[in-house]
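Per UniProt numbering, the very first residue in the sequence shown carries number 1; after that it's consecutive.
Let me begin by presenting the structure, written as structure tokens, before commenting on it.
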Amino acid sequence: MLGNRIRHWKKRLKRNKRLAWSLGLWAAAVLTAAAALAAVKPRFERADSPSGAMTGAEAVWLDKRSSLLSFEGPDSERGRAIAALAGLEGKVEVVLQRMYVCGEEIRRLGSFSSAEAMDLLKAHREWTATLQDADRLVMREAVDDLSASCKASARFGLDSGGNLSLFDGPVKKDKVIRTFFHMDVKALESGLSPEELRRLREGMPVGDGIDDYHRVVSRLAEYADKSGDPASAAE
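Here is the structure:
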């Protein structure tokens, strides 16, 4: 009888030890997870805080759409604009300047809070930006195309120095937008038809798109003066 009680007591003691060991492992796991969370939490709080994430030195923000930190160099144009916006109170007027291969367009997008302006910049990482007069943000977009005004009025022609140039309007008004390269006039006269020469001297339209523009420049480059001054090369 006594032997049975002793065996029963030993079995109970073993079960209690296994239970205590399991509880200890569980408690250790909980404490480890809590310690890791406590170490990481301040970094996320700093990234999610306007005062911590977007300092003038770092220009850092949290992109809420992807939950990833995005960095801008403090010396870059975008970085300086973001740093300035981070410390700005009130509204800022936002202007978009589209800079085409030929021509440009300027649109007023409206009045935004500094946070809204930064969200707009985050959505268009290819844009540059400059904060002017503390309340006017100019965003610039490079467009690989011709503006509508360029398609309508720009003309290829020869300037008074014999350079292939792009004119705003008729060649005779001499409003040069861009100079490409100096032309070999003799090679040009022998290589082009009389009609093509006439059109070039009067002003040749740029075409309906960027492909037409590049096609004209590429073809006329065959008659460029290879011995000319490098300073007269295309910009």
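Backbone N, C-alpha and C define an ideal beta-carbon position, used for all residues, glycine too.
These numbers were taken from a predicted model, which means no experiment stands behind them.
Any idea what DSSP makes of His-214, helix, strand or coil? For this step, residue 214 is matched to residue 214 along the sequence shown. Annotated three-state conformation of His-214 is helix, per DSSP.
Other residues of its chain near Leu-96: CB distance less than 7 Å, five sequence neighbours each side excluded: Along the sequence shown, read from residue 1 onward, the residue named residue 96 stands at position 96. By the criterion of a C-beta distance shorter than 7 Å, Leu-96 is surrounded in its chain by Arg-107, Leu-109, Met-139, Glu-141, once the five residues flanking it on both sides are discounted.
Endpoints, the alpha helix (DSSP H) within which Val-171 is located: To locate residue 171, count along the sequence shown from 1; it is residue 171. Looking at the DSSP string, Val-171 is not in any alpha helix (DSSP H), and its letter there is neither H nor E.
Under the assumption that Arg-178 contacts Ser-190 (Cβ atoms under 8 Å), give the Cβ distance between them as a whole number of angstroms. Working through the sequence shown from its first residue, we reach residue 178 at position 178. Working through the sequence shown from its first residue, we reach residue 190 at position 190. That pair is no contact at about 26 Å.
Glu-105 - DSSP class collapsed to helix/strand/coil: Walking along the sequence shown from the start, residue 105 turns up at place 105. Judged by DSSP in its simplified three-state form, Glu-105 adopts strand.
Buried or exposed: which applies to His-214, given that a residue is buried once 16 or more other Cβ atoms fall within 10 Å of its Cβ? Counted from its first residue, the sequence shown places residue 214 at position 214. Exposed, because fewer than 16 other Cβ atoms sit within 10 Å of the Cβ of His-214.
How would you write the range of the alpha helix (DSSP H) that Met-183 sits in, first residue to last? Walking along the sequence shown from the start, residue 183 turns up at place 183. In the DSSP assignment, Met-183 falls outside any alpha helix (DSSP H) and carries neither an H nor an E.
Measuring alpha carbon to alpha carbon, tell me which residue in Asp-159, His-182, Leu-188, Met-183 is nearest Lys-175. On the sequence shown, residue 175 is found 175 positions in, with the first residue counted as 1. Comparing Cα-Cα distances from Lys-175 to each of Asp-159, His-182, Leu-188, Met-183, the minimum goes to Asp-159.
Lys-91 by DSSP, collapsed to three states: which one? Translated into positions along the sequence shown, residue 91 becomes position 91. Reduced to three states, the DSSP call for Lys-91 is strand.
Are the CB atoms of Ala-84 and Leu-146 nearer to each other than 7 Å? The residue given as residue 84 occupies position 84 in the sequence shown. The residue given as residue 146 occupies position 146 in the sequence shown. Cβ distance not < 7 Å, so Ala-84 and Leu-146 don't count as in contact.
Taking the straight line between their C-alpha atoms, what separation do you get for Pro-170 and Ile-82? Position 170 of the sequence shown holds residue 170. Position 82 of the sequence shown holds residue 82. Spanning the two alpha carbons is a distance of roughly 42 Å.
Could you tell me if Arg-219 is buried or exposed, where buried requires 16 or more neighbouring beta carbons within 10 angstroms of its beta carbon? Locating residue 219 in the sequence shown gives position 219, where the first residue counts as 1. By the beta-carbon neighbour count (other beta carbons within 10 angstroms, threshold 16), Arg-219 is exposed.
Nonlocal neighbours in the same chain, by C-beta distance under 8 Å from Ser-111, ignoring five residues either side: Residue numbering aside, residue 111 sits at position 111 when the sequence shown is read from its first letter. Here Ser-111 has Lys-91, Val-92, Glu-93, Val-94 as same chain residues with Cβ atoms under 8 Å from its own Cβ, once five neighbours each way along the sequence are excluded.
Under the assumption that Arg-155 contacts Met-118 (Cβ atoms under 8 Å), give the Cβ distance between them as a whole number of angstroms. In the sequence shown, the residue the question calls residue 155 occupies position 155. In the sequence shown, the residue the question calls residue 118 occupies position 118. Actually they do not touch by this definition, with Cβ atoms about 41 Å apart.
What are the residues that DSSP puts in a beta bridge with Ala-117? As a position in the sequence shown, residue 117 is number 117, starting the count at 1. Ala-117 is bridged by DSSP to nothing; it lacks a bridge partner.
Met-183 to Asn-163, Cα distance in whole Å? For this step, residue 183 is matched to residue 183 along the sequence shown. For this step, residue 163 is matched to residue 163 along the sequence shown. About 6 Å.
Since Val-217 and Cys-102 are thought to touch, with beta carbons under 8 Å apart, how far apart are those beta carbons, to the nearest angstrom? Position 217 of the sequence shown, counting from 1, holds the residue named residue 217. Position 102 of the sequence shown, counting from 1, holds the residue named residue 102. With a Cβ gap of about 11 Å, Val-217 and Cys-102 do not count as contacting.
Arg-198 to Ala-187 span [Cα, whole Å]: For the purposes of this step, residue 198 is taken as residue 198 along the sequence shown, with counting starting at 1. For the purposes of this step, residue 187 is taken as residue 187 along the sequence shown, with counting starting at 1. Answer to the nearest angstrom: the Cα atoms are 15 Å apart.
For a test of the three-state rule: what should DSSP assign to Gly-157, helix, strand or coil? Reading the sequence shown from its first residue, position 157 is the one you call residue 157. The three-state secondary structure of Gly-157, taken from DSSP, is strand.
Report all residues from its chain with a CB closer than 7 Å to the CB of Arg-98; omit the five preceding and five following residues, and keep chain order. The residue you call residue 98 lines up with position 98 of the sequence shown. Here the set comprises Glu-104, Glu-105, Glu-141, Val-143.
My output table needs one value for Ser-193: the three-state DSSP class, helix, strand or coil. The residue given as residue 193 occupies position 193 in the sequence shown. It is coil, neither helix nor strand.
Excluding the 5 residues flanking Ser-113 on each side, which residues of the same chain have their C-beta closer than 7 Å to its C-beta? As a first step, residue 113 is located in the sequence shown; it is residue number 113 there, counting from the start. Once the five neighbours on either side are set aside, the close Cβ partners of Ser-113 are Lys-91.
Which whole-angstrom value describes the C-beta separation of Thr-128 and Arg-78, a residue pair presumed to lie in contact below a C-beta threshold of 8 Å? Within the sequence shown, the letter at position 128 stands for residue 128. Within the sequence shown, the letter at position 78 stands for residue 78. Sure, about 6 Å apart at Cβ, within 8 Å.
When the Cα of Ala-86 is compared with those of Leu-192, Glu-126, Tyr-100, Asp-135, which residue comes out closest? What you label residue 86 is simply residue 86 of the sequence shown in a count that begins at 1. Closest by alpha carbon: Asp-135.
Who are the Cβ neighbours of Glu-196 in its own chain at under 6 Å, not counting the five residues just before and after it? The residue you call residue 196 lines up with position 196 of the sequence shown. So no residue of the chain qualifies.
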